[in-house]
Amino acid sequence: MAIVRGSDLYGLHYDDVQVVNKEVDSTYLTSLQATQTSRFKLLVETLDMLEDMYAGTDVVRLEGDILKQLERLGALRYFHACLSSTVQSVPAKLVEEPGVNDSVTGHSSKLVFSTGRKELRKLRRKRVSENENDSSMQEFGLETISNNIKPPKLIRQSRSRNKRLKVAKNEAELSSSVKLVAELEKIRLILEAETNEVATLSSWAEATGLEKKELLHHLHYGWHCMDELVRSTRSLVLYIARNYRGLGVSFDDLIQAGNLGVLLGAERFDESRGYKFSTYVQYWIRKSISTLIARHARGIRIPCSLSKGINHIQKARKYLSISNGNHPDDQEIAKFTGLSLAKIKSASECLRVVGSIDQKFGDGISIKYMEVTVDTSIANPEEAVTRQHMVKDLYTLLNGLEPREIQVLMLRFGLKNSQQKSLEEIGVLFGVSKEWIRKIEKGALTKLRNEDCHKILSHYARMQ
Numbered sequence: 001m002a003i004v005r006g007s008d009l010y011g012l013h014y015d016d017v018q019v020v021n022k023e024v025d026s027t028y029l030t031s032l033q034a035t036q037t038s039r040f041k042l043l044v045e046t047l048d049m050l051e052d053m054y055a056g057t058d059v060v061r062l063e064g065d066i067l068k069q070l071e072r073l074g075a076l077r078y079f080h081a082c083l084s085s086t087v088q089s090v091p092a093k094l095v096e097e098p099g100v101n102d103s104v105t106g107h108s109s110k111l112v113f114s115t116g117r118k119e120l121r122k123l124r125r126k127r128v129s130e131n132e133n134d135s136s137m138q139e140f141g142l143e144t145i146s147n148n149i150k151p152p153k154l155i156r157q158s159r160s161r162n163k164r165l166k167v168a169k170n171e172a173e174l175s176s177s178v179k180l181v182a183e184l185e186k187i188r189l190i191l192e193a194e195t196n197e198v199a200t201l202s203s204w205a206e207a208t209g210l211e212k213k214e215l216l217h218h219l220h221y222g223w224h225c226m227d228e229l230v231r232s233t234r235s236l237v238l239y240i241a242r243n244y245r246g247l248g249v250s251f252d253d254l255i256q257a258g259n260l261g262v263l264l265g266a267e268r269f270d271e272s273r274g275y276k277f278s279t280y281v282q283y284w285i286r287k288s289i290s291t292l293i294a295r296h297a298r299g300i301r302i303p304c305s306l307s308k309g310i311n312h313i314q315k316a317r318k319y320l321s322i323s324n325g326n327h328p329d330d331q332e333i334a335k336f337t338g339l340s341l342a343k344i345k346s347a348s349e350c351l352r353v354v355g356s357i358d359q360k361f362g363d364g365i366s367i368k369y370m371e372v373t374v375d376t377s378i379a380n381p382e383e384a385v386t387r388q389h390m391v392k393d394l395y396t397l398l399n400g401l402e403p404r405e406i407q408v409l410m411l412r413f414g415l416k417n418s419q420q421k422s423l424e425e426i427g428v429l430f431g432v433s434k435e436w437i438r439k440i441e442k443g444a445l446t447k448l449r450n451e452d453c454h455k456i457l458s459h460y461a462r463m464q
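Using the UniProt record's numbering, the first residue of the sequence shown is number 1, and each one after it goes up by one.
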C-alpha cells in the first residue's frame, strides 16, 4: 500500500478545485453571453414592433379614410370581395424563444401570437403595386377615387354660405374704416377753410382730438381698406361698366368712375339696415358712371338732371314708335313719361348734333362753316346809328322829370352803361325803403306814358 504524503494530497485537492472553478467560469460566461444575446434579440424585436406600430399609424388612418369614401360611393362590398379573394388569413404561430434568465441548455417555451397585420399590409402593398402596372385596374386606384370624390351638395352650400357671410362681414368692417377716414378728411377741409392755410399734421390731430401716431394709424389703415374694397369689388365694377361702353367715354375711365362710386358708397353704407355692401354699392357705381358720361360724352355739357330726362325721353320715343308704328309727338311723350312739354322741348334742343365751324362742306368747294356764318355779336352800322338816336331821345324825355326820378330810372333799367339794380339795392343807396323807391318809379313811368312820348318812341318799337 502506497503511502501518500500530506503535501501531495493537498496539491491534488487544489488542482481539482482549480479545474472545477475553470469549468464553472466557462459555463457562467457562456450563460451570460446567451443571456445578453437573448436580451439584445428581445430589444431588437421590441424596437421592430414599435417601428411597425408607429409607422403603420398613418397607413391605418389612410385606410380608414379610404374605406369611408368607398362606403359613400357604394363600392365597399366590391372592395371587400376583391380583398378576400387575394388575401388569406394568417394563423397564429408558435414561437419558442429563450427566456431572459434561462441558460443555454435550458430554454423555456413561450407562446407569441401574431395578429398578421404586418403580413396583411405587405399583401396590400403588393396588390397596389400590381394594380399600378395593370392599366385595366387603374380606375379603382386611390388617386382616381380621391379625384372623383365630391362633398355632398348640402356641405357645399353651407361652405359657400359661410364664405359669403365672411366676405360680407369683411366688407362691412372695411367700409367702417373708410367712413372714419372720410370724417377725418372733412375735419381737415373745415380747418383749412377757417385758417386759409394748409393744415399740418399737428393741427389736424389737435382738431380731431387724437395723437399724431393714432391719427396716422387711422389714415394708413383707412387707405389700406380703400384699396381692399376696390380690389374686392373690381369684378362687380367691370360687370356694370360693360353696359356703358360706346357712349363717348373710354372703358378705363368708366372703371375709374366705378371705383370712385365704390368709395362713395362705402362712406354712406349702414350695416345695421341688413343689406349687403355689394348690393348697396351698385347704385353708387351706376350713378358715378352716369355722371361721368353726362359730363364728358357730349361736346356741350348739360346738367345731369336734364341728361336723365333726355335718356328717359329717348327710351319712351323708341318704345312708342315700336308699339304704335308711328313717330310719337311731344304730347304722347309727355303723357307717357309724365314730363312737362317745356322740359321735352329743351331736351329736344339738347339732342341736336354739335358740329365744327371748321368743317368744310360742298362738293369741290373748300368752304368752312365759319366763313359763311353770320356773327350776330357785331351790330351793323344802321342799327348802331338807330340806337344812338334812341338813347338821345330817351335822355330828352327824362329831362322833363325830377332829378330823384331820373336817378331811380337810370339805376333801375341800367342806363349809362350801368348794371340794373333791384328796388332794395336802390333803397340802400338812397337810405329809404324799397317801397318808397317803388312809388318813385311808378310815378316817373306814369309821367312818361303820354301821347308825346308814345309818338317819339313808337318809331323805334316798330323797328324792333
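Note that CB positions come from ideal geometry on N, CA and C, so glycine has one too.
Source: prediction; values computed, not measured.
Residue i versus residue j: straight-line alpha-carbon distance, rounded
i	j	result
L215	A205	6 Å
A444	L397	11 Å
A334	A316	9 Å
Q331	A241	34 Å
S278	A266	10 Å
T35	L43	12 Å
L184	S177	11 Å
residue 472	L189	Outside the modelled stretch of the chain, which goes from 1 to 464, sits residue 472, for which no answer is possible.
T233	M226	11 Å
A461	S346	30 Å
Y244	V230	19 Å
G325	S366	42 Å
Q419	F413	8 Å
N380	I285	53 Å
W436	P403	15 Å
A182	L306	30 Å
E395	A384	One point to set straight first is that residue 395 is Tyr, not Glu, in the sequence displayed. Straight-line Cα distance between these residues: approximately 17 Å.
K368	V374	12 Å
L448	M410	14 Å
F251	S235	14 Å
Y239	I300	29 Å
Residues near residue i by beta carbon distance below 7 Å, same chain, minus five either side
i	result
C304	T291, A294
V249	L292, I293, H296, A297
T337	H312, I313, A316
I406	L398
N450	none
Limits of the alpha helix (DSSP H) - the one that residue i falls within
i	result
Q323	Note that residue 323 is Ser in the sequence shown, not Gln. Per DSSP, S323 belongs to the alpha helix (DSSP H) from 304-324.
T208	201-208
P381	381-398
N259	251-268
V408	403-413
K276	K276 -> no alpha helix (DSSP H), and no H or E assigned at all.
I333	330-337
A297	Neither: A297 is in no alpha helix (DSSP H) and is coded neither H nor E.
H220	212-232
residue 473	With the chain covering 1 to 464 only, the question about residue 473 has no answer from this structure.
I344	341-350
V372	369-372
R438	434-448
G246	No alpha helix (DSSP H) contains G246, which DSSP labels as neither H nor E.
I426	423-430
When the options are compared against residue i, the one with the closest alpha-carbon
i	options	result
A257	Y239, L180, I313, K287	K287
H312	Q388, L339, M370, Q331	L339
D253	F277, S418, Y369, V237	V237
L247	Q419, I289, L210	I289
G274	F79, A172, Q388	A172
L341	E405, F269, I310	I310
I344	A379, K308, S377, S366	K308
W223	L180, I255, V198	L180
T446	V428, K455, K416, L401	L401
V391	L411, K416, D375	K416
L260	V281, I187, I456, G427	V281
E349	I302, I378, D358	I302
E63	R125, L409, T30, M49	R125
S175	N450, F269, M49	F269
Any non-hydrogen atom of the ligand SAM within 6 Å of residue i CB
i	result
V237	This structure does not include the ligand SAM; it has no bound ligands of any sort.
Same chain only: Cβ atoms within 6 Å of residue i, ignoring 5 sequence neighbours per side
i	result
K207	The displayed chain sequence assigns Ala, not Lys, to residue 207. These residues qualify, in order along the chain: I187, L191.
V79	It is worth fixing the name first, because residue 79 is Phe in this sequence and not Val. Result list for F79: L70, in chain order.
A199	R188, L191, E192
E424	K434
L457	none
Cutoff 8 Å; reference residue i; Cβ partners in own chain excluding five residues on either side
i	result
L210	H218
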